[in-house]
Amino acid sequence: MAAVRVRRLTDPTPEQLDAVGSVGLAAFEHDKSCYVLVDGDIAKAFFYFRAQAAAAVIGGELWVASHGELDIAGFAIWFPPDHDFLDTPEQAEAGWNQLMASYSPEHRKWLAEYLGPMWRAQCIAAVGQGFTKASYYLASLATHPDHQRRGVGKALFDAVAKKATAEQKHLAFGCTLEANAMLYRSWGCVTRGPWQEVVGNVGSFSSILITKEP
């Protein structure tokens, strides 16, 4: 079996960010929640994950995994305690603003006025105010379909889970598929609160909060 090699990228090249975007698109090409998040234009998933990764380099942590001959076979985007995705203008300017400009006004309003507040309320109902902000928050975890079920995702997850344990910090993240929730439970995580339906402009999906104790 080919080795999985995990590393954090602190100064990625544009080509490496492109590779992250490509892996995200390949991994989520048929995912219902991703389809809703990009308002039905799945090609924009490339720019979604690329912008998220670029923001993480500024305000969070971007981890990638090599597998076999593929240098970036998977990635994990984390935001450590007391940091949030897009909590500085610099993060938004690293690609997210451009992505938002490509969306319709209706979708931008849905993201800002429906999805964001709904998810924050769901997290507060499940674990209380401030829990996710005090945790290592996993924004995205993806493995290229050709390299799935090879331990890539688990290696990426464990790289930060071990650090969080050493710091006595929780992990927290959202999940949209029961099959994935089962996988995360096998990694020592727990689901918190009920599943909640998320209704978008082009479809719907369900979400739930998942956490891991230090």
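Here the sequence shown stands for residues 32 to 245, where the numbers follow our numbering.
Glycine included, each C-beta is placed from N, C-alpha and C at the ideal position.
Those residues which DSSP pairs with residue i across a bridge
i    : result
G205 : L240
E92  : W109
L40  : L93
R223 : L240
E228 : S237
Contact check, residue i vs residue j, beta carbons under 7 angstroms
i    : j    : result
K200 : P245 : yes
T163 : A212 : no
A76  : V183 : no
L142 : A82  : no
A87  : L48  : no
V67  : F106 : no
F188 : S64  : no
P112 : A165 : yes
N232 : D72  : no
Endpoints, beta strand (DSSP E) assigned at residue i
i    : result
F106 : 101–110
S171 : 167–174
Secondary structure of residue i, DSSP reduced to three states
i    : result
P136 : helix
V191 : helix
P120 : helix
V20  : Any answer about residue 20 is impossible in this case: the structure gives the chain only from 32 up to 245.
H178 : helix
E35  : As written in the sequence, residue 35 is Val, which differs from the Glu given in the question. DSSP places V35 in strand when its eight states are reduced to three.
V158 : helix
Limits of the alpha helix (DSSP H) - the one that residue i falls within
i    : result
S64  : 63–68
E144 : Segment: none, E144 is in no alpha helix (DSSP H) and carries neither H nor E.
V51  : 45–59
inquiry  = Check whether the segment 52–60 and the segment 162–173 are in contact - that is, three or more C-beta pairs closer than 8 angstroms.
reply    = Of all C-beta pairs linking the segment 52–60 to the segment 162–173, three or more are shorter than 8 angstroms, placing the two stretches in contact.
request  = Pair every Cβ in the segment 35–54 with every Cβ in the segment 88–102, then say whether three or more of these pairs are closer than 8 angstroms.
outcome  = The segment 35–54 and the segment 88–102 touch, with no fewer than 3 CB-CB distances between them shorter than 8 angstroms.
message = Closer than 8 angstroms is the cut-off here; do at least three beta carbon pairs connect the segment 117–124 with the segment 144–164?
response = Here the segment 117–124 does not lie against the segment 144–164, with fewer than 3 beta-carbon pairs under 8 angstroms apart.
key: Three or more C-beta pairs below 8 angstroms linking the segment 234–242 and the segment 217–225   = Yes, the segment 234–242 touches the segment 217–225.
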